[in-house]
Amino acid sequence: MRLKINNNSFEGQTIYAGIDVHKKSWKVTVRNEHHHLKTFSQEPSAHTLINYFKNNYPGATIRVLYEAGFSGFSASREFAEKGIECKLVHALDIPRSNKDKQMKSDTVDSRRLCSLHFDPKQEYIHIPDEELEADRALLRQRIRVMKDLSRTKNRLKSLFFQIGIKIPEEINEEASRKWTKEYLKWVDSIQVSASSFKKAIDRYIEIGKELSSQLKECNKAVLELSRKERYKEEFGLIMTIPGVGKMTAMVFLLQIGDVGRFKTLDQLCLYVGLAPRTYSSGEEIKTGGMVKRGRKELKINLIECSWVAIRQDPALTLKFSELCKRMNKNKAIIRIARKILSRIRYVLRTKEVYQTGVVQ
């Protein structure tokens, strides 16, 4: 005789699920507080999984977890709309043993993800709202165009090395990096023995000019976001800090979102990538270079801003001079970048404009 399940059969119970997300299928592991219940494959659809929970565990509290990646946040929002708690984890924050690395499978991955529900120290990814995610898409498009433009310029230089063409000494490194009129005029005047080499050079120039045009449009689109009511006030506050430009302000607002979610400055620095690597064992404590994780675009922007800020802000000028007495300039400027980040966090938390020359 088949047991009938009513709408409240699992009321008061919590069902946990770990999803190994792939493009063509999901591997799902389901368990309760005591033991594993089931592992199965399904189509890559949050709607399908929601119906599965509704039909098989009516009345239960459902908690879902999956690894952040190509699929973005759309599934998490769909779960949330149906009252299902959904969390995302960073791939590098998932603990793996040496055995797990050598014996990898979707089933093992989904079970491991499901077990993270019971780890009190597990850290989760912040899920942005849909508007912020959409605005970030414009910023990331800009980053990709910048990378493509940089690759094109480097490929052209590589071609010059290949065919033995040397850039004249009067054209400095900055001119060749920025493709100034002087540099482009010299490239146009190059004479090569084979016509195909000339065609390849001309093609790189065409691609570079097209990408430069696209980058200008991307910059314009990102800066236009500063006029939105959502960013207008905070953008104005950040712009009161010496050295910080419009693009850096928008990169910060789009990459960070709500600065209040970081309880301490150290947490924010770690997220951006301005924190040192540390190794502590017994009485031995070592610190190394900056952590590899972080928001690379924002970190680069903050470092560039710091070089400007030490010339404009007396407090940072003094601090930079003091730091240079005990370390090289490249290390000192990282400390200044942390201070710039501290300034941004301060003005956003207090809603007060930055006062030049005041050391916080």
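Taking numbering that gives the first Met the number 0, the leading residue of the sequence shown gets 0, the next gets one more, and so forth.
Glycine included, every Cβ here is placed at the ideal spot set by N, Cα and C.
The model shown is predicted, which means the values in this text are computed figures rather than measured ones.
Alpha-carbon spacing of Phe39 relative to Glu80, whole angstroms:
About 24 Å.
Residue range of the beta strand (DSSP E) that includes Glu66
Per DSSP, Glu66 belongs to the beta strand (DSSP E) from 60-66.
Entirely within the segment 8-96 and at least 3 residues each: give me those beta strand (DSSP E) ranges in chain order.
You should have 13-20, 25-30, 35-41, 60-66, 84-88.
Contact defined as beta carbons within less than 8 Å: I believe Cys85 pairs with Gly17. What is the distance between those atoms, to the nearest angstrom?
Rounded to the nearest angstrom, the Cβ distance from Cys85 to Gly17 is 11 Å, too far for a contact under 8 Å.
For the segment 110-125 against the segment 320-329, are there 3 or more C-beta pairs whose distance is under 8 Å?
No, because fewer than three Cβ pairs between the segment 110-125 and the segment 320-329 fall closer than 8 Å, the two stretches do not touch.
If we ignore side chains and look at the alpha-carbon of each, how far apart do Ala314 and Val144 end up?
Computed Cα separation, rounded: 36 Å.
Does DSSP classify Met289 as helix, strand or coil?
DSSP, read as helix, strand or coil, puts Met289 in strand.
Pull up the CB-CB distance for Ile93 and Glu296, whole angstroms please, since I reckon it's below 8 Å.
Not confirmed; about 25 Å, so no contact.
Return helix, strand or coil for Pro275, following the three-state DSSP convention.
Under the three-state reduction of DSSP, Pro275 is assigned to strand.
Candidates Ser305, Lys245, Gly259, Asp257: closest to Leu273 by CA position:
Of the candidates Ser305, Lys245, Gly259, Asp257, the residue whose Cα lies closest to the Cα of Leu273 is Ser305.
Which runs of the alpha helix (DSSP H) fall wholly inside the segment 197-262 and span at least 4 residues, in chain order?
Listed in chain order, they are 228-237, 245-255.
Residue interval of the alpha helix (DSSP H) (run including Thr355)
For Thr355, there is no enclosing alpha helix (DSSP H), as DSSP marks it with neither H nor E.
Let me know the secondary structure DSSP gives Arg294 once reduced to three states.
Here Arg294 sits in coil by DSSP.
What whole-angstrom Cβ distance do Ile237 and Val307 have, given they're in contact under 8 Å?
Not a contact, Cβ separation roughly 14 Å.
Per-residue burial, Met249 [other beta carbons within 10 Å of its own, 16 or more giving buried]
Here Met249 is buried: its Cβ has 16 or more other Cβ atoms, across all protein chains shown, within 10 Å.
Excluding the 5 residues preceding and the 5 following Thr28 in the sequence, name in chain order all residues of the same chain whose CB lies nearer than 6 Å to its CB.
If we look at Thr28 and ignore the five residues flanking it on each side, its Cβ neighbours are Gly17, Thr38, Ser109, Arg110, Cys113.
In terms of residues, what are the limits of the alpha helix (DSSP H) holding Lys165?
Per DSSP, Lys165 belongs to no alpha helix (DSSP H) and is neither H nor E.
Just to confirm before moving on: does the CB-CB distance between Gly242 and Val271 stay below 9 Å?
Going by C-beta atoms, Gly242 is not nearer than 9 Å to Val271.
Among Lys330, His21, Glu169, which one has its Cα closest to the Cα of Phe69?
Nearest C-alpha to Phe69: His21.
Taking Thr151 and Tyr203 to be in contact with their CB atoms under 8 Å, please state how far apart those CB atoms are, rounded to whole angstroms.
Contact annotation, Thr151 with Tyr203: C-beta distance approximately 6 Å; criterion of less than 8 Å satisfied.
Which of helix, strand or coil DSSP assigns to Glu169
Per DSSP, reduced to three states, the secondary structure at Glu169 is coil, with no helix or strand assignment.
Is the beta carbon of Ala199 closer than 9 Å to that of Leu148?
Cβ distance not < 9 Å, so Leu148 and Ala199 don't count as in contact.
Which listed residue (Ile339, Glu77, Arg139) has its alpha carbon closest to that of Leu214:
Cα-wise, what sits closest to Leu214 is Arg139.
Report yes if the CB atom of Tyr65 is closer than 9 Å to the CB atom of Ser73, and no otherwise.
No.
Anticipated Cβ contact below 8 Å, His89 with Ala67, distance rounded
The Cβ separation is near 6 Å, so the contact holds.
My assumption, with CB atoms under 8 Å, is that His46 sits in contact with Arg260. Please give the rounded CB distance.
At roughly 29 Å, the Cβ-Cβ gap does not stay under 8 Å, so His46 and Arg260 are not in contact.
What do you reckon, are the CB atoms on Ile339 and Ile240 nearer than 9 Å?
Result yes, Cβ atoms of Ile339 and Ile240 sit closer than 9 Å.
For Gln342, count neighbouring C-beta atoms within 10 Å of its own C-beta (all shown protein chains included) and say buried if the count is 16 or more, exposed if not.
It is worth fixing the name first, because residue 342 is Arg in this sequence and not Gln. Arg342 comes out buried.
Quick one, which of Trp185, Phe52, Trp178, Leu264 has its alpha-carbon nearest Gln12's?
Of the candidates Trp185, Phe52, Trp178, Leu264, Phe52 places its Cα closest to the Cα of Gln12.
Alpha carbon to alpha carbon, how far is Lys330 from Lys298?
Lys330 and Lys298 have their C-alpha atoms some 14 Å from each other.
For Asp105, name the three-state secondary structure that DSSP assigns.
Here Asp105 carries a helix assignment [DSSP, helix/strand/coil].
Nearest-angstrom Cβ-Cβ length linking Asn31 and Ile14, presumed shorter than 8 Å
Cβ-Cβ separation between Asn31 and Ile14: approximately 6 Å, consistent with a contact (criterion under 8 Å).
Could you spell out where the alpha helix (DSSP H) holding Ile332 opens and where it closes?
It spans 328-349 - the alpha helix (DSSP H) in which Ile332 sits, taken as one unbroken run.
Measure the Cβ-Cβ separation of Leu210 and Asp134 and say whether it is below 9 Å.
Against a cut-off of 9 Å, the Cβ pair of Asp134 and Leu210 comes out as no contact.
Tell me which residues share the same chain as Arg154 and place their Cβ nearer than 8 Å to its Cβ, disregarding the 5 neighbours each side in the sequence.
The answer, listed in chain order, is Tyr203.
Residue nearest to Gly207 in terms of C-alpha spacing, selected from Val186, Ala193, Arg226
If we check each option's Cα against that of Gly207, Val186 comes out closest.
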